[in-house]
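Everything on this sheet refers to the single structure shown next.
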Amino acid sequence: MEDSLDRSRWARLLVPLVALLVIAAVLRAPQPTIVAPPDVLAPAAPRAFSGQLAARQATVAPPDSQSVLAAAGRLRLTTASGSYSLERVQAIASSVEVALDYVEQRTGLRLSGPVTISFDRRESCALDGAAFTERRVIMLYACPDLPPQRAVNILAHELVHQLAHDHWGAAHLQADLILSEGFATWGAGRYWLGESASFRAFVVQHYGAQLLPLGAHYRDYASIAAMNQLYYQWAALVEWILEAHGRAAFDRLYASGQGPTPASANYLGVLGGDLGAVEAAWRAWLAP
Ligand SMILES: [Zn+2]
5 MEDSLDRSRW
15 ARLLVPLVAL
25 LVIAAVLRAP
35 QPTIVAPPDV
45 LAPAAPRAFS
55 GQLAARQATV
65 APPDSQSVLA
75 AAGRLRLTTA
85 SGSYSLERVQ
95 AIASSVEVAL
105 DYVEQRTGLR
115 LSGPVTISFD
125 RRESCALDGA
135 AFTERRVIML
145 YACPDLPPQR
155 AVNILAHELV
165 HQLAHDHWGA
175 AHLQADLILS
185 EGFATWGAGR
195 YWLGESASFR
205 AFVVQHYGAQ
215 LLPLGAHYRD
225 YASIAAMNQL
235 YYQWAALVEW
245 ILEAHGRAAF
255 DRLYASGQGP
265 TPASANYLGV
275 LGGDLGAVEA
285 AWRAWLAP
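In my numbering, the protein residues as written are 5 to 292.
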């Protein structure tokens, strides 16, 4: 179990890594290395840790930031200078409300309290988001020219992290990375699926037989394309678990995580097979 010092250390390590990934993404932009639909592209690395971070790391909007209330006060959207204008935040608020309703319905979960969504920006203009679920703060880093739909797509994913925290409580912070990111991506559903009807269909169409090992960490690849692929594969795994084993089993599996690393959950105890066996069954389901 990590302590807060460890987490702070992680945060310091992540900043340069993230910057590197973003630079790499920008440099490689002309090449179609990311196969996800352009409006659902996963942002840079910090989002992968969202939902897993200690609340202390959340940087809340500055006191002089302005805010908009939405979803009957369940959402407070704030913006800092350099990101979206207040007018743009006002314009996007109804779309975020729709996204919240959608992910609550899709996951069968509901926010247990208000959430602050804080629009901010990184110097590099990198797009990413992070959910600091203990503090009920979602950060969305974006520059003013980011298409609003991309912001909403990411917020849908981050809101599912908050729903997961509200449902599983402290166990959420120890959740297996495969399941926490898989559930957030699966829960975002149409916001990440583009034209695909399911994550199974998405993975088959975009990755075919070129699958990455489910237990891999995207840090092993240091590429945004690989991170994207793992997120979609993990979402498809969640889809399979829900279909093959049911929601109650998925809930138990999620709660069994021993830390925010891939494969920390008790697959053998809950699903009857270790991750290797689960992966084999999942692959057979993907391409029967
Ligand atoms: Zn996430």
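A virtual CB, placed ideally from N, CA and C, is assigned to each residue, including glycine.
Exposure of residue 247 is indicated by the presence of fewer than 16 other C-beta atoms within 10 angstroms of its C-beta.
In this structure the stretch 191 to 205 does not lie against the stretch 218 to 231, because fewer than three pairs of beta carbons, one per stretch, are closer than 8 Å.
If only complete runs of 4 or more residues are kept, the stretch 116 to 200 shows the alpha helix (DSSP H) at 152 to 172, 181 to 192, 194 to 197, in order along the chain. When beta bridges are read from the DSSP output, residue 73 appears opposite 80. Linking residue 238 to residue 110 through their CA atoms gives a straight-line distance of about 17 Å. The distance from the Cβ of residue 253 to that of residue 275 is about 7 Å, consistent with a contact at the 8 Å cut-off. Judged by their CB atoms, residue 71 and residue 82 are nearer to each other than the 8 Å cut-off. With respect to residue 167, residue 142 sits apart: the two C-beta atoms are not nearer than 8 Å. In this structure, the CA atom of residue 133 is about 19 Å from the CA atom of residue 265.
If you compare the alpha carbons of 206, 126, 185 with that of residue 135, the shortest gap goes to 185.
It is roughly 10 Å from the alpha-carbon of residue 210 to the alpha-carbon of residue 204. Secondary structure at residue 215: coil, using DSSP grouped into helix, strand and coil. Judged by DSSP in its simplified three-state form, residue 278 adopts coil rather than helix or strand. Around the beta-carbon of residue 102, fewer than 16 other beta-carbon atoms lie within 10 Å, marking it exposed. Contact check for residue 108 and residue 190: beta-carbon distance about 14 Å, past the 8 Å limit, so the pair fails to qualify. In the DSSP annotation of this structure, the continuous segment of the alpha helix (DSSP H) that includes residue 111 starts and ends at 90 to 111. For residue 210, the shortest C-beta to heavy atom distance toward ligand 1 is 7 Å or greater.
For the pair residue 89 and residue 148, the CB atoms are nearer than the 8 Å cut-off. Shown here, residue 232 sits in a helix according to DSSP, grouped into three states. A Cβ-Cβ separation of about 5 Å places residue 283 in contact with residue 218 under the 8 Å criterion. Bounds of any alpha helix (DSSP H) do not take in residue 222, whose DSSP letter is neither H nor E. Remark: the C-beta of residue 185 is in contact range of ligand 1, defined as less than 7 Å to any heavy atom. In the structure shown, residue 273 falls within a helical segment according to DSSP collapsed to helix, strand and coil. Remark: the shortest separation between the CB of residue 230 and any heavy atom of ligand 1 does not fall under 7 Å.
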